[in-house]
Amino acid sequence: MNELVSVIMTTYNEKLEWIEESLNSLLAQSYRNIEIIIVVDRPDDANIIALLHNYQRNYPHITVIVNEKNIGLARSLNKAFKFSSGVFLARMDADDISKPTRIEKQIQTLYEHPEIQLVSSNCEYIDENGEIIGQQNIGSKSEDQIRRGLKYINFLIHPSWLMRREVYEQLNGYREFECSQDYDFLLRMISHNFKIALSEQRLIKYRQRRNSLSSSRGFKQYLISKYIKKLHLEREKTGNDSFSLESLNLYLAGNQISVNDETFNNSLYKFIALRDASSKILKVKGILRCLFFSVYSRDLLINSLLFKIVVKI
Numbered sequence: 001m002n003e004l005v006s007v008i009m010t011t012y013n014e015k016l017e018w019i020e021e022s023l024n025s026l027l028a029q030s031y032r033n034i035e036i037i038i039v040v041d042r043p044d045d046a047n048i049i050a051l052l053h054n055y056q057r058n059y060p061h062i063t064v065i066v067n068e069k070n071i072g073l074a075r076s077l078n079k080a081f082k083f084s085s086g087v088f089l090a091r092m093d094a095d096d097i098s099k100p101t102r103i104e105k106q107i108q109t110l111y112e113h114p115e116i117q118l119v120s121s122n123c124e125y126i127d128e129n130g131e132i133i134g135q136q137n138i139g140s141k142s143e144d145q146i147r148r149g150l151k152y153i154n155f156l157i158h159p160s161w162l163m164r165r166e167v168y169e170q171l172n173g174y175r176e177f178e179c180s181q182d183y184d185f186l187l188r189m190i191s192h193n194f195k196i197a198l199s200e201q202r203l204i205k206y207r208q209r210r211n212s213l214s215s216s217r218g219f220k221q222y223l224i225s226k227y228i229k230k231l232h233l234e235r236e237k238t239g240n241d242s243f244s245l246e247s248l249n250l251y252l253a254g255n256q257i258s259v260n261d262e263t264f265n266n267s268l269y270k271f272i273a274l275r276d277a278s279s280k281i282l283k284v285k286g287i288l289r290c291l292f293f294s295v296y297s298r299d300l301l302i303n304s305l306l307f308k309i310v311v312k313i
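Written out as structure tokens, the structure is:
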């Protein structure tokens, strides 16, 4: 159990101390045979580039690639893959932290279960100061539960993935979505009958930023996720989907982001209030608000309820 693991990651606007924490957590892994491929997608940030080149000088198994211009997460990850040579691929974000045994435990899962192609894990949530503010409590799910649950919600934390290289190759990497490219990747895995595992152990610390729910971007991510679900349904019916940047842009334009983003954000906050409600009375009130406030709050509620049902079957 000593095959090379390639960790692919990108950096754009992370704080320098976050990047250091992320890289140091990878350098401290109990599984030693790893390489780290990191793509800088903000070529005008001299401080990030200087920091990463210093790491590269000190650690020959770190490769730093600086894009000539900003090309986005999906294309940057696909570029990182081209520079990788590992039998296994691990994802990591430049503001998150891997626990010391993360890669070792995930590799062990893939060795013990050759039918599994990708393993994810639960996580601890940390704030911008690195303080733990919560934890993911989904636990361990069967392959069928994961497959059913992903049709409603993407609950697998992207930087916790570790997969076999052939999965990435057969899917031709990430498709060019501005966000939620990981959700599209997972649903395409399901369409190809690849098997996914979820460890109940919390193997990463996942950073929650204050601006993570910024207005129109939150609504755009919601719409792109719905478009991705639509593509999945197409593949279930015909074996293929109609993805193109042109059809995606038409879908987004038809949903009038500039007009509806405020309604969506208010809907999202009502759904979050329901999720965090501490009593049955507050939960009932929250359900009623979500049902009747908007089509978006109703959709968020229904998908959440369906997810909870199908992962218990």
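Take the sequence shown: its letter number 26 is residue 26 in the UniProt record's numbering, and every next letter is one higher. Every residue, glycine too, gets a C-beta built ideally from N, C-alpha and C. Bear in mind the structure is a predicted one, so any value in this text is a computation, not a measurement.
Coil, strand or helix - residue i by DSSP
i	result
S76	helix
A28	coil
L213	Residue confidence for L213 is low, a pLDDT of 47 falling below 50, so the modelled location carries little weight; the figure read from the coordinates is stated next. The answer is coil: DSSP assigns L213 none of H, G, I, E or B.
M189	helix
K237	helix
I309	helix
K151	coil
K230	helix
Q221	helix
G173	coil
D276	coil
K285	helix
L156	coil
D45	coil
F293	helix
E262	helix
S244	coil
Q256	coil
I19	helix
S304	helix
N54	helix
N249	helix
S180	coil
K270	helix
residue 383	With the chain covering 1 to 313 only, the question about residue 383 has no answer from this structure.
Option in the options with minimal Cα separation from residue i
i	options	result
S22	S84, P100, P114 and D44	P100
K69	M9, F83 and D45	D45
I19	I228, K230, N154 and I36	I36
A28	I103, I65 and Q56	I103
S142	H113, I204 and D241	H113
S140	N13, Q201, I107 and R188	Q201
L231	L288, I204, M189 and V66	M189
N24	Y125, D182, M92 and V66	M92
K226	K105, I196, Y183 and Q208	Y183
R61	R32, Y12, R165 and F307	The residue asked about is misnamed: residue 61 is His in this sequence, not Arg. That would be R32, whose Cα lies nearest to the Cα of H61.
W161	E3, V7 and N2	V7
A94	R217, T238, L203 and L16	L16
K308	N154, L203, G286 and Q106	N154
I65	I38, R57, F264 and R42	I38
N78	E169, I126 and Y111	E169
T63	T11, I157, T109 and D96	T11
Beta-bridge pairing of residue i - partner residues as DSSP gives them
i	result
residue 376	There is simply no residue 376 to check, as the chain begins at 1 and stops at 313 in what is shown.
E35	S6
T63	I37
K205	I97 and E124
R298	DSSP, once it has assigned bridges, lists no residue as partnering R298.
T11	V40
I162	With the sequence shown as reference, residue 162 is identified as Leu, and Ile is not the correct amino acid for it. Beta-bridge pairing links L162 to A90 and V119.
Interface flag, residue i vs chain C, CB-CB below 7 Å
i	result
I302	Chain labels in this structure do not include chain C; a single protein chain is all it has.
### Message
Check whether the segment 60-75 and the segment 145-154 touch, using three or more Cβ-Cβ pairs below 8 Å as the test.
### Response
No, the segment 60-75 does not touch the segment 145-154.
### Query
Three or more beta-carbon pairs under 8 Å between the segment 124-136 and the segment 286-299, yes or no?
Not touching, per the Cβ criterion.
### Query
Is the segment 46-59 touching the segment 116-128 in the sense that three or more CB pairs, one from each, lie closer than 8 Å?
Touching, no.
### Query
Enumerated in chain order, which unbroken segments of the alpha helix (DSSP H) with a length of 4 residues or greater are wholly contained in the segment 84-139?
Taken in chain order, the whole alpha helix (DSSP H) runs of length 4 or more contained in the segment 84-139 are 102-112.
### Query
Between the segment 217-232 and the segment 159-179, do at least 3 Cβ pairs fall closer than 8 Å?
Contact between the segment 217-232 and the segment 159-179 is present: 3 or more CB-CB pairs across the two stretches fall below 8 Å.
### Message
Assess contact between the segment 183-198 and the segment 81-89, defined as three or more Cβ pairs (one per stretch) separated by less than 8 Å. Is contact present?
### Response
Not touching, per the Cβ criterion.
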